[in-house]
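For reference, the structure is listed below as structure tokens.
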Ligand SMILES: C[S@@+](CC[C@H](N)C(=O)[O-])C[C@H]1O[C@@H](n2cnc3c(N)ncnc32)[C@H](O)[C@@H]1O
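What follows is the structure, given as structure tokens:
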């Protein structure tokens, strides 16, 4: 299998988070705990089996790629890439590469399955990246994109109106910070039509929503964001004191909120013709 070529002089991307600080391990732990239960059954339902060649881009902590490597063993391969792949532990059948989706080429006609979770929403060039992912598929191959739409994630049970408004203000500031870095926090709702426009067929999309509470990985991820994105949240007008209060709210055992929607969307490259 051809491997992507990694660029050497790599300026910071527009990505609002990073894999280089003490926060990153916590971020990837929360992501895996909250969303592997959604992503993995969807991948399994594609017919994934021994012998498939798979690609995961922006693989983060590597939990999805490692699961894929176990599923396609002993005859298949998994290539896991990330602009900063330091958190992806090696495993049998798993190749890890540094790769910038916006700048570096990918092998074409090479994979039975390509997966990207919570990556393209951060990339200003997400439509061009999507076309690159489609070209990486073999005819008949499946692309799965799992992404948030954060436009509906209201507090459901807070101690008072002021706390509920503070939580909403934090979420608004976070979405604004992601947009300021070139992200699209509503990208999840746009993925099905983007896959169709990219030439894929058999588009299937499933929304996933849950109740966030102090013990849930998805609320722990929000709590994590108050630390990891602290400076960007302050730049959007949140004060350090407000961030401290929203952290206290998110550890209150009685607090409840609706999660954003995670859309898991799949499409298949048609047999026998090039994607657009
Ligand atoms: C929010 S994390 C999601 C990680 C993993 N996909 C998951 O869902 O658990 C986004 C990942 O995309 C990576 N990333 C950001 N910009 C990238 C780029 N231009 N090319 C490749 N990966 C990138 C980050 O380093 C990070 O690991």
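In the working numbering, the protein residues as written are 2 to 277. All residues carry an ideal CB built from backbone N, CA and C; glycine is no exception. What you are looking at is a predicted structure, and each value in this text was computed from that prediction instead of being measured.
Taking only three categories from DSSP, how would you classify residue i?
i: residue 13; result: No answer about residue 13 holds up, because its pLDDT of 42 lies below 50 and its placement is not dependable.
i: residue 221; result: helix
i: residue 19; result: coil
i: residue 153; result: coil
i: residue 185; result: coil
i: residue 35; result: helix
i: residue 28; result: helix
i: residue 92; result: coil
i: residue 3; result: Low confidence applies to residue 3: its pLDDT is 37, below 50, so where it sits in the model is not reliable, and the reading given next is rough at best. Note: residue 3 maps to coil in three-state DSSP.
i: residue 272; result: coil
i: residue 118; result: strand
i: residue 210; result: coil
i: residue 169; result: helix
i: residue 42; result: helix
Taking the alpha carbon of residue i as the reference point, which residue from the options has its own alpha carbon closest?
i: residue 139; options: 41, 56, 82 and 35; result: 56
i: residue 196; options: 270, 241, 86 and 118; result: 270
i: residue 261; options: 35, 131 and 65; result: 35
i: residue 245; options: 86, 255, 54 and 168; result: 168
i: residue 203; options: 256, 235 and 267; result: 267
i: residue 142; options: 178, 49, 87 and 106; result: 49
i: residue 259; options: 102, 212 and 229; result: 212
i: residue 18; options: 227, 114 and 103; result: 227
i: residue 153; options: 176, 106, 255 and 126; result: 176
i: residue 107; options: 129, 89 and 87; result: 129
i: residue 70; options: 44, 86 and 240; result: 44
i: residue 144; options: 150, 134 and 161; result: 134
i: residue 61; options: 170, 33, 105 and 150; result: 33
Expressed to the nearest angstrom, what Euclidean distance is found between the alpha-carbon atoms of residue i and residue j?
i: residue 187; j: residue 51; result: 35 Å
i: residue 122; j: residue 29; result: 17 Å
i: residue 280; j: residue 163; result: Nothing can be reported for residue 280, as the shown portion of the chain is limited to 2 through 277.
i: residue 182; j: residue 112; result: 31 Å
i: residue 42; j: residue 80; result: 20 Å
i: residue 22; j: residue 273; result: 45 Å
i: residue 73; j: residue 191; result: 30 Å
i: residue 173; j: residue 76; result: 46 Å
i: residue 26; j: residue 146; result: 22 Å
i: residue 205; j: residue 24; result: 34 Å
i: residue 216; j: residue 247; result: 16 Å
i: residue 8; j: residue 84; result: Because residue 8 sits at a pLDDT of 36, beneath the cut-off of 50, its placement in the model cannot be relied upon, and the following sentence gives the value as read from the coordinates. Near 10 Å, if we compare the C-alpha coordinates of residue 84 and residue 8.
i: residue 233; j: residue 103; result: 23 Å
i: residue 214; j: residue 124; result: 29 Å
i: residue 242; j: residue 137; result: 47 Å
i: residue 207; j: residue 235; result: 34 Å
i: residue 127; j: residue 166; result: 32 Å
i: residue 14; j: residue 263; result: Its pLDDT being 47, under 50, residue 14 is placed unreliably by the model, and the measurement read from it follows with that caveat. Approximately 24 Å, taken between the alpha carbons.
i: residue 178; j: residue 224; result: 16 Å
i: residue 47; j: residue 110; result: 18 Å
i: residue 161; j: residue 240; result: 20 Å
Kindly indicate the opening and closing residues of the alpha helix (DSSP H) around residue i.
i: residue 244; result: 241-251
i: residue 189; result: 188-198
i: residue 128; result: 127-137
i: residue 67; result: 64-73
i: residue 232; result: 231-236
Could you give the first and the last residue of the continuous beta strand (DSSP E) run that contains residue i?
i: residue 268; result: 262-269
i: residue 257; result: 257-259
i: residue 58; result: 54-58
i: residue 111; result: Note, residue 111: premise wrong, no beta strand (DSSP E); not H, not E.
i: residue 80; result: 78-83
* Any contact of the stretch 249-258 with the stretch 220-228, i.e. 3+ C-beta pairs under 8 Å? -> At 8 Å Cβ cutoff, the stretches touch.
* Asked: Three or more C-beta pairs closer than 8 Å, one from the stretch 150-169 and one from the stretch 86-100: is that the case here?
  -> no
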